[in-house]
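Please read the structure below before turning to the comments.
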């Protein structure tokens, strides 16, 4: 088993040529989201179980992401264990956002391939993200419409409940209007009783 890429090679933020020479794919600046990293850069070597704990993804899912090409190259220790970095966590945070958009896995993999291919794919990446954005906007409109229907139903049931509280059956099963003045029971005639 060979160990590809070193920590130093993966840590150079602006040196894409060194990354490429080391066999490490370029990173997409868009992949970086505001993620609070558990460890500072330079000390950021995570096992798969640590990444699973931080991201909420299972180790199986992380391996699958790597197998299908959704993850950039993951370094390995001398014993063959995966070693993730803060940049990998950034990428996984971005992938999580793409998943929330409903982007198909094939499109996410295509996006990852475009990132690895380099800067000349910016336009194609932008097109892919724009199409996803349009899908998200359509879904937002559908959800707003669905929310309006739910609001109408909630209001209907609230009105129906208020109406039923005004007219409730009494102990004898007769319906009485709660807003009407109570009537007195007739008095028995004097002398009876």
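Residue numbers (full-length UniProt numbering): 1 to 193. The beta carbon of each residue, even a glycine, is placed where N, CA and C say it ideally should be.
Proximity to residue i [Cα-Cα], best of the options
i	options	result
residue 66	53, 93, 109	109
residue 86	123, 59, 60, 48	48
residue 105	156, 132, 75	132
residue 101	43, 137, 58	137
residue 90	155, 41, 154	41
residue 103	142, 161, 116, 134	134
Distance between beta carbons of residue j and residue i, contact taken as under 8 Å
i	j	result
residue 46	residue 94	Not really, about 17 Å apart at Cβ, beyond 8 Å.
residue 92	residue 55	5 Å
residue 52	residue 62	6 Å
Boundaries of the alpha helix (DSSP H) in which residue i is found, first to last residue
i	result
residue 108	105 to 117
Exercise. Do three or more CB pairs link the region 121 to 135 to the region 68 to 84 at distances below 8 Å?
Worked result: Touching, no, given that fewer than three Cβ pairs across the two stretches are closer than 8 Å.
For this session: Would you list, in sequence order, the uninterrupted beta strand (DSSP E) runs of no fewer than 3 residues that lie entirely inside the region 116 to 151?
Result: The region 116 to 151 contains no whole beta strand (DSSP E) run of 3 or more residues.
Problem set entry | Inter-stretch contact (C-beta, 8 Å, three-pair minimum) for the region 98 to 113 and the region 54 to 73 | By the criterion of at least three beta-carbon pairs nearer than 8 Å, the region 98 to 113 is in contact with the region 54 to 73.
For this session: Jot down the residue ranges of each uninterrupted alpha helix (DSSP H) in the region 54 to 89, minimum 4 residues, whole runs only, in chain order.
Result: You should have 59 to 68.
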